[in-house]
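Below is one structure; the comments refer to it alone.
Protein chains: 2
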Amino acid sequence: MAEIVRRVKGTRDFYPDQMAIRRWMFDIIRRVSTRFGYQEYDGPCLEFIDLYAAKSGEELVKEQSFVFTSRGGEDLTLRPELTPTLARMVAQKQYDLPLPLRWWSIGPMWRYEKPQRGRTREFFQWNIDLVGAGSVAADAEIVAVAATFLKEAGLSPDQVRIYVNNRRLMDAAFARLEISKDLGKQVFRVVDKLDKLSEPAWRKYALESGLTETQVDALLELLNDNDLWQESEELVEFFKLLAAFGIQDYVQYNPRVIRGLDYYTGTVFEAFELGGQGRAIFGGGRYDNLVADVGGNALSGVGFAMGDVVIELVLTDAGVIPANLGEKPQVLVTVFDEATLPESLKAAVRLREAGLRTVVYPEADKMGKQFKFADKLDIPVAVILGPDEVKAGQAAVKNLKTREQVVAARADLVSEVEKFLPSAL
Amino acid sequence: MAEIVRRVKGTRDFYPDQMAIRRWMFDIIRRVSTRFGYQEYDGPCLEFIDLYAAKSGEELVKEQSFVFTSRGGEDLTLRPELTPTLARMVAQKQYDLPLPLRWWSIGPMWRYEKPQRGRTREFFQWNIDLVGAGSVAADAEIVAVAATFLKEAGLSPDQVRIYVNNRRLMDAAFARLEISKDLGKQVFRVVDKLDKLSEPAWRKYALESGLTETQVDALLELLNDNDLWQESEELVEFFKLLAAFGIQDYVQYNPRVIRGLDYYTGTVFEAFELGGQGRAIFGGGRYDNLVADVGGNALSGVGFAMGDVVIELVLTDAGVIPANLGEKPQVLVTVFDEATLPESLKAAVRLREAGLRTVVYPEADKMGKQFKFADKLDIPVAVILGPDEVKAGQAAVKNLKTREQVVAARADLVSEVEKFLPSAL
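So the sequences go chain by chain: A and B.
For the first sequence, numbering that gives the first Met the number 0 assigns the number 0 to the initial residue and increments by one for each residue that follows.
For the second sequence, numbering that gives the first Met the number 0 assigns the number 0 to the initial residue and increments by one for each residue that follows.
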């Protein structure tokens, strides 16, 4: 026997049970996105490498993307993120699209990173953006979308938190510490290291980065000041509006949220698991340069992206993924013999027309074997059409959990089957 | 202004209107697949080139696939079809999966072909297979799934037809013409050319392929014999069972359906547009070698694959794609001024909780401008919360089509909005 060809490292097979979880998550994403009035879009999986030159970090395109030359000599990338595609699509039709745009998407992305728990090379990512609205209300709305997703997925404010910060607030604070603009990006890196190093090691790193002792002390104080937001009119307004959305318990100011501050231009936020592994779940913020970077006019937007791998781990660890997910078959119509097979098929047609997910056993066989098949697939109800039932215009309906069986007139078949279905299905 | 980076040739942007059509088609696919008791699965988009060595045609992998070497030196392919992935996944868990399997999937595939109307390099494909059941009933079920999809999509038997043939029947007929097995594959090609060449040209091609004059005459007669199926016990049974599914008008015997006959081992079928361009919409059949080819045990299966590009053209030409598709926003909550903004946000929360797709205008602005925005997005209802309404615990609800406006108590907001919604939404 030949050896089975392997799956590529960092990719996943979705057998029906895994697919059911993915579908459940995607359905929540779709429901939340559309309830907030966002419209679904998608772009190609293949883009020219050039598209990523303007926006994406050097590392992402040069080291972490799948890039290749096509048979026709085009230098292509398997999209590592969707934002440049969004920018291209908006720039192409900038004068035809009614602003502000509320758009969302979910699809596969690829990054050539070392696969590990919580990170695959092929993954799905939810992107949602409000483009062409610069108000604080727009920022609050996007964070409310994010928090509503967490809530609808079954996570409580004790389990997850969205930390918010603001680029302008931090710029002002750094200016007060007399940290020069030139040092700006480097300081973001220093802040980012705070939770990863011991205090002495961090202090050493900060000094080596060009900060003075006084600046390091002041910076440390700043990063522990959870009331700093009150100095920002924007954030005061932001938190006032958040309360109106009824999800304020999921959101909190945190001066240490700094990731992406060199890219984002106003509000930034990042969601974390509380306790457990403390995983980062998603991040986003306000950007001003998106569309202009790919050749369009300047448009301000706010949005975020969430990968499917980490959130599934968080939801699994939190125990909130329902059992018995998936649109599994609800009824098995058995096949008594060759002669009655057409009657079984017709009964199945009737059940399907009533919206019931119905399987017909693919050939005549022993009833016991057919029931066993139903058990393996967790099908709760079987329909039996033997020669006697066919002659009498009836069908037997069997509850496979309780083994209770009733005989129904053919006209009552659907309602009798429905009586035996768990209401959750 | 920089030039906008182009889209890669043969790929598509899905703006919300196009995405709505794709989503509509995918929803029909999902509904039909699950009603027949099939479970959704998916595999990676990236596979090792080796996986395609066994099954796929040489041309598909060597000339028409996107292949490249990853940073880690792996020889990879962007999947040009799903069947080898299905075979791999089944082979990996052959002893754990309850047979027969009813599995379906929809996802992106890539083929490096010349893009033209009806053909893109990046496309979506529906795959559905019944694996591990060798009965004629299984063949009939898969064809019934295909026909039910066409029916649910709004196509009538006057607009599309699924043509069926059988490999064993054709083998027997060719044997009667004393066409040697060695010539077999070449004869399939000769048959395939019949509808593409003039009769004299075809005759010349057939003779050059190694057939005698007598064989060519007999072959032509054979290919015009629409009653040939009556010689096949399998096909007689097949058409009897099809009738039980109630979709027999969509299905017809056709001795010229020959595509893939060198791969399929029993029933084969292919759906065509009647009239118009006569486009081929999808094809499938029974195979016996699928899982064994990738290193598993022999398992018989039957299935088909349908790309999204051709079917969308067929549905468009048939005029059956509904207008106003997509989960568009249903309500705009306007913003009177900064002071009333939180009240607008709260009203939106209530509407969303009732399941209504609700947009809030992102900032205070002139009412006329906000209504115009609603018109552009085809939003039928607006809610207005001015200072008077806020004070009185009321909200104005405006039908943007008729310009009718009512004042509702806050508790009646949802029901008043629903009164103005077109029932189709």
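Glycine included, every Cβ here is placed at the ideal spot set by N, Cα and C.
Counted within 10 angstroms of its Cβ, other Cβ atoms place residue i as buried (16 or more) or exposed
i                     : result
residue 229 (chain A) : exposed
residue 284 (chain B) : buried
residue 95 (chain B)  : exposed
residue 185 (chain B) : exposed
residue 323 (chain A) : exposed
residue 19 (chain A)  : buried
residue 0 (chain B)   : With a pLDDT of 48 at residue 0 (chain B), under the threshold of 50, the modelled position of this residue cannot be trusted, and the question is left open.
residue 211 (chain A) : exposed
residue 401 (chain A) : exposed
residue 220 (chain B) : exposed
residue 138 (chain B) : buried
residue 198 (chain B) : exposed
residue 480 (chain B) : Only positions 0 to 424 of chain B appear in the structure, and residue 480 (chain B) is not among them; the question remains open.
residue 327 (chain A) : buried
residue 253 (chain B) : buried
residue 92 (chain B)  : exposed
residue 256 (chain B) : buried
residue 392 (chain B) : exposed
residue 292 (chain B) : buried
Residue i, enclosing beta strand (DSSP E) - first and last residue
i                     : result
residue 100 (chain A) : 100 to 109
residue 74 (chain B)  : 74 to 77
residue 161 (chain A) : 159 to 165
residue 129 (chain B) : 121 to 130
residue 404 (chain B) : 404 to 408
residue 10 (chain B)  : Run containing residue 10 (chain B): none; DSSP gives neither H nor E here.
residue 429 (chain B) : Nothing about residue 429 (chain B) can be read from this structure; chain B reaches only from 0 to 424.
Per-residue contacts from residue i into chain B (C-beta, under 7 angstroms)
i                     : result
residue 282 (chain A) : The premise fails here: residue 282 (chain A) is roughly 21 angstroms from chain B at the closest Cβ pair, so nothing lies under 7 angstroms.
residue 134 (chain A) : 361 and 362
residue 338 (chain A) : Result: empty, since nearest Cβ-Cβ is about 11 angstroms, beyond 7 angstroms.
Segment limits, alpha helix (DSSP H) that includes residue i
i                     : result
residue 393 (chain B) : It is not in any alpha helix (DSSP H) - residue 393 (chain B) instead sits in the beta strand (DSSP E) that spans 393 to 398.
residue 204 (chain B) : 198 to 207
residue 268 (chain B) : Unbroken run through residue 268 (chain B) is the beta strand (DSSP E), 266 to 272; no alpha helix (DSSP H).
residue 236 (chain A) : 232 to 244
residue 213 (chain B) : 212 to 222
residue 342 (chain A) : 340 to 352
residue 176 (chain A) : Counting along the chain, residue 176 (chain A) falls outside any alpha helix (DSSP H), and DSSP gives it neither H nor E.
Neighbour list for residue i in chain B, Cβ cutoff strictly below 8 angstroms
i                     : result
residue 88 (chain A)  : 12 and 14
residue 3 (chain A)   : 87, 90, 91, 293, 294 and 295
residue 239 (chain A) : 341
residue 325 (chain A) : 38 and 39
residue 99 (chain A)  : 361
residue 428 (chain A) : One cannot answer for residue 428 (chain A) here, as it falls past the ends of chain A, which runs 0 to 424.
Contact list for residue i against chain B, beta-carbon separation under 9 angstroms
i                     : result
residue 124 (chain A) : The premise fails here: residue 124 (chain A) is roughly 14 angstroms from chain B at the closest Cβ pair, so nothing lies under 9 angstroms.
residue 40 (chain A)  : 12, 13, 14, 15, 17 and 18
Given residue i as reference, the closest of the options once Cα atoms are compared
i                     : options                       : result
residue 306 (chain B) : B:19, B:119, B:195 and B:61   : B:119
residue 357 (chain A) : A:363, A:346 and A:294        : A:346
residue 158 (chain A) : A:98, A:89 and A:310          : A:310
residue 339 (chain A) : A:195, A:390, A:85 and A:215  : A:390
residue 104 (chain A) : A:117, A:97 and A:82          : A:82
residue 190 (chain A) : A:153, A:11 and A:202         : A:202
residue 388 (chain B) : B:374, B:192, B:412 and B:403 : B:412
residue 217 (chain A) : A:37, A:380, A:177 and A:9    : A:177
residue 112 (chain A) : A:10, A:204 and A:25          : A:10
residue 350 (chain A) : A:90, A:364, A:102 and A:329  : A:329
residue 359 (chain A) : B:222, B:223 and B:100        : B:100
residue 38 (chain B)  : A:367, A:4, A:225 and A:21    : A:21
residue 2 (chain B)   : A:49, A:16 and A:213          : A:49
residue 116 (chain A) : A:335, A:399 and A:278        : A:278
residue 42 (chain A)  : A:4, A:13, A:66 and A:88      : A:88
Amino acids of chain A, ordered along the chain, whose beta-carbon sits closer than 7 angstroms to that of residue i
i                     : result
residue 345 (chain B) : 243
residue 7 (chain B)   : 43, 45, 46, 47, 73 and 75
residue 121 (chain B) : 43, 44 and 45
Per-residue contacts from residue i into chain C (C-beta, under 9 angstroms)
i                     : result
residue 419 (chain A) : Given the protein chain composition of this structure (A and B), no chain C is represented.
Partners in chain A for residue i, counting only beta-carbon separations shorter than 9 angstroms
i                     : result
residue 111 (chain B) : 69, 70 and 71
residue 357 (chain B) : 34, 35 and 36
Chain-ordered neighbours of residue i on chain A, where CB pairs are closer than 8 angstroms
i                     : result
residue 220 (chain B) : Ordered by position in chain A, no residue passes the 8 angstroms Cβ test against residue 220 (chain B), which lies about 33 angstroms from the chain.
For this session: Quick one: which unbroken alpha helix (DSSP H) runs of 4-plus residues sit fully inside the stretch 357 to 398 of chain B? Chain order, please.
Result: 366 to 375 and 386 to 391
Problem set entry | Uninterrupted beta strand (DSSP E) stretches inside the stretch 283 to 321 of chain B (no shorter than 3 residues) | Taking 3 residues as the shortest admissible run, the stretch 283 to 321 of chain B contains the following complete beta strand (DSSP E) segments, listed from N- to C-terminal end: 300 to 306.
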